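Below is one structure, written out as C-alpha cells; comments come after it.
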C-alpha cells in the first residue's frame, strides 16, 4: 500500500510539472513592432546634476504616415515644403512633451521643447514611413539622491514599439531598470526574428544619486521566469536533444518508459470512472487487494480499449470517428447505469444478508475517452488553445 | 486505509494547485517588458488580450524549447489571428514563418501546422489553398474540428454553400462551441434565415467566456439587427459588446453606422475617424469615405480612399489577394472599367455571392447592364435578404427598363433596412420616387 501511495505521489508530481508547462499567462504584448499600422516611440533620457534631457523619436509605419499626410501638407499642394515639415515637427513635439511626464521626487518638470527633425523614409509596398525627432530639456536638481519617474502617454491607444533608455552623466543610476543604449539603435533596426518580443515600456522609475559613470545599465534579456519553470525548460530541452536525434534502442526504451509513466499519471487524473471506483470500493469495504485488482482492471481495460479503438480506426478507413464516438457515448452511459444498478442490487441484497462475496469486478469496465466527457484527453490536443483563443469564428474579409 | 486515500486525494489536489500556481507564474513572470505590457492592456489598444497573452506565452516557451513543433504551429495560428483582429497584414509573413518552421521540424503528421496554414490562406483570401489544406488534415485526422472550421470558411467564400454547411455540421458534431455556433449562424444568415441566425448567435454568446469573444458575439447580433433595420436593437447589442470589451473596435463601426442612420452625422464621422485611426482596414476606410461623401466632404472622402488604396497595397505586399476589395475601391473612385477587371479576376477564383454582387454592380457602372443582371440575380439566388444586393439588382433592372422588377427589389431593399447605406439608401428612395406609384 505504501508503495502504491508513493507511486501515486510520483505520478501526481509528474502531473504537477506537466500542468505547469503549458501555462496560462496574464501578460500581453503587441507582437510586431513594425506592423504597418504601428506608431513606435523611443525615449532616451539623459540625467545631469543640474538638468534632465530627453531625445524622443517617433517612427510612424506606412499607414499612419499616410494618415498624417493631410495634416502635414497644409497647403494641399501635394508636396511637403520645409516650413510645413518644421511646423509639423513642432506640433508633434509639443504634443509629445505634453504626454511625456517626468517627475523628480514627485514634482513634474516643465519641458522646453525643440523640434529636432522630420523625414520620410522608403517603406514597403512603395509607401513611406516617417520619423520625427524631438529634444526636451528641463532644469532639475540631481545633486542629491532622488527618484525620477518617467511616464510616456503619447498616443497610448496605438500599437507600437515603445522603449525607454536612461544614462547618467555625473549622476549615478542605482540598479537601473532600463538599458543605457537603445536595442533598436533608436528605432532604426528592430529585431526581426519570429520570436521577437517587442518592447512596450511606457514608464520607468529611476533611483539616482550623485556620483560618476553612466551606471552599469540593464541589458534586455528574455526572462525564463522562476527557477522551477527554468528547470522544466532545461529538462524539456534535454529531452528534446535526446529524442531529436536518431532513434536508438535506448532512446526507444526510454520513450516507452516515459510513456508508461505519463500513462499512469493520466490514469490517475480525475475522470476515468474513479468516482465510480471509489464508490465501489467504499461500498464493498474493499481491502488493499480489491483496490489493486480494481486499479489493474481499470488500467488494462483502459489501455486495451484505446488499443482496440486505435486499431479499428486505422484498419477500417470507412469507419467515421464521429460515429464511433457517439456509439461509445451510448455504450459507456449504459455501462455506468448497469454498474450502478448492480451495486444498488448488491446493497439491497446485503440488507437481506444472503452472501458476502461477490466476484463482479469485471463489471467495472473503463471506456476510452468518449466524446467531451474525458477532459484530460481533449486538453492534450490543444496545449495552447485554452479558451478558444485561436479558433475564433471565421475571418472577416478585409 | 480510508486515511491513506484521503492523503492521496489531498496530495493530488495540492499538486494540481501547485501546477496551476506555477503555471500562472510561468506566464506572467516579471520580465523587463511584461510588467509594462499589462499596463499597455489597460490603455486599451489591443483588441485581443487573451490572444496577445497566448502569443507571449508561446514565444517564451519557444525561446526556451525551440524544437516544439506544436508550439510553433500554435504561435503561427495566433499570429494569423492577431493579423485578423488588428487588421494588420504585417503579421501574415510572421505567421507563415512560424508555421513553416513547425512543418520543417515535423514534415509529416503535423495537422496543427496545416490547419494553421489553412487559416492563414483563408485570411489572405487564398480560399482554394485553404480548402485543399483542410482536406489534407481531414485525411490525417477526421476528428479535427479546427480543420472543418477552415474548410467551412473556404467553402463559404468559394461559393459552395452546401459543402460549407456540411463542414459546419461536422464541426458542430465534433466540438459544439462558440466557433461552430458562430459559423453556423453566419451560414444561416447567408441563406436569409436571419431569425435562426440570431438564435444560434445567442447560443454562441452563451458559450463565450473571453471578453473579446462576448464582444464578438454582441457585435454579430448587432449586425444581424442592423441588417433587419432594427436600429435600437443593434445599438443595444453594440453597447453591451463595448461593456464586455471596450477595445473590440468593430463595435465602434456599428455605433457609427447607427449614428449615421439616425442623422447624427457629426457623431458618426467622429466615430469613424477614431476607428480608422486605430484600425485602418480597407473596408472601414471605404465606409468612412462613403459617409464623408454623403456628408458633402468629397476631398476628405478621397483622402480615405487613398488610404484604403495603400492598405490594400500592403495587404498584397504581405502575400494577400483581395480583388473584391480592389473592385469596391475602384467603383468608389469612379473607375468602373478597373472594377470590372478586378471583379472578374475574383470571380475566376470563386463564385461567392459578394463577388457576384460586386461584378454585377461593376458591369452596371460600366454600362453593361445586360451582362450585369445575371450576376446580380446570382448574388440574390440564395435568398440572402441583403439590402445591398437587392439595391444593386433593382438599379440594374431600372437601367434595363424593367420598372416593375426594379420597384419590387428597391422597395425590398428599403423595407429590410431603410438606412442600409448613407449613399445607396437615398439613391434607392430617389429611384423609387422617379418610378412613381404603381
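Protein chains in written order, with my numbering: chain H, 65 to 462; chain E, 414 to 851. Quick reminder that beta carbons are idealized off the backbone N, C-alpha and C, glycines included. Here the structure is a predicted model, which means the values were calculated and not measured.
Item, Value
"Stretch pair the region 122-136 of chain H + the region 184-194 of chain H: three plus CB contacts closer than 8 Å", "yes"
"Contacts of residue 130(H) in chain E (Cβ-Cβ under 8 Å)", "719, 720 and 723"
"Extent of the continuous alpha helix (DSSP H) run through residue 688(E)", "678-691"
"Beta-carbon spacing of residue 223(H), residue 231(H) below 9 Å", "no"
"Boundaries (first-last residue) of the beta strand (DSSP E) holding residue 230(H)", "226-232"
"Selection from 402(H), 266(H), 399(H) and 115(H) that minimises the alpha carbon distance to residue 217(H)", "266(H)"
"Any C-beta of chain H under 9 Å from that of residue 499(E)", "yes"
"Per-residue DSSP class, three states only, for residue 100(H)", "coil"
"Option nearest residue 114(H) by Cα separation, candidates 274(H), 405(H), 355(H) and 400(H)", "274(H)"
"Beta-ladder partner(s) of residue 193(H), from DSSP", "185(H)"
"Below-9 Å beta-carbon distance, residue 222(H) vs any chain E residue", "yes"
"Span of the alpha helix (DSSP H) around residue 153(H)", "146-163"
"Chain-ordered neighbours of residue 654(E) on chain H, where CB pairs are closer than 8 Å", "Within chain H, no residue comes near residue 654(E); the closest Cβ sits about 14 Å away, beyond 8 Å."
"Cβ neighbours of residue 493(E) in the same chain (closer than 8 Å, five flanking residues each side left out)", "504, 505, 508, 529, 532, 533 and 536"
"Residue 817(E) versus residue 745(E): straight-line alpha-carbon distance, rounded", "28 Å"
"Assigned exposure category for residue 225(H) - 16 Cβ within 10 Å defines buried", "buried"
"Closer than 9 Å to chain H by CB, residue 801(E)", "no"
"C-beta neighbour in chain E for residue 188(H), strict 9 Å", "yes"
"Within chain E, the residues that residue 48(H) reaches when beta carbons sit closer than 8 Å", "A query on residue 48(H) cannot be resolved here, the shown segment of chain H reaching from 65 to 462 and no further."
"Residue burial classification, residue 596(E) (beta-carbon count within 10 angstroms, cutoff 16)", "buried"
"Residues of the region 503-528 of chain E with Cβ closer than 8 Å to any Cβ of chain H, in chain order", "503, 504, 507, 510, 511 and 514"
"Nearest-angstrom beta carbon gap, residue 588(E) and residue 547(E) [assumed within contact, 8 Å]", "Not quite, the Cβ-Cβ distance comes to about 15 Å (not below 8 Å), so this is no contact."
"Cβ neighbour criterion (16 or more within 10 Å) applied to residue 174(H)", "exposed"
"Interface flag, residue 685(E) vs chain B, CB-CB below 9 Å", "The displayed structure is made up of protein chains H and E, and chain B is not among them."
"Counted within 10 angstroms of its Cβ, other Cβ atoms place residue 454(E) as buried (16 or more) or exposed", "Low local confidence applies: a pLDDT of 30 at residue 454(E) is under 50, so the model's placement there is unreliable, and no value is given."
"Contact between the region 133-143 of chain H and the region 159-173 of chain H (3+ Cβ pairs under 8 Å)", "no"
"Cutoff 9 Å: residue 792(E) Cβ touching any chain H Cβ", "no"
"C-beta atoms of residue 695(E) and residue 719(E) nearer than 9 Å", "no"
"Same chain only: Cβ atoms within 8 Å of residue 137(H), ignoring 5 sequence neighbours per side", "143, 144 and 148"
"Of the residues 487(E), 488(E), 499(E) and 477(E), the one placed nearest residue 724(E), counting alpha carbons only", "499(E)"
"7 Å Cβ cut-off: residues of chain E touching residue 369(H)", "The premise fails here: residue 369(H) is roughly 17 Å from chain E at the closest Cβ pair, so nothing lies under 7 Å."
"Near-chain E residues of the region 160-184 of chain H (beta-carbon distance less than 7 Å), N- to C-terminal order", "none"
"With 16 other Cβ atoms within 10 Å as the buried cut-off, status of residue 324(H)", "exposed"
"Member of 516(E), 704(E), 629(E) and 635(E) whose CA lies at the smallest distance from the CA of residue 685(E)", "704(E)"
"Whole-number beta carbon distance between residue 671(E) and residue 687(E), since they are thought to touch under 8 Å", "Their Cβ separation, rounded to whole angstroms, is 15 Å, which puts residue 687(E) and residue 671(E) out of contact at 8 Å."
"Below-9 Å beta-carbon distance, residue 751(E) vs any chain H residue", "no"
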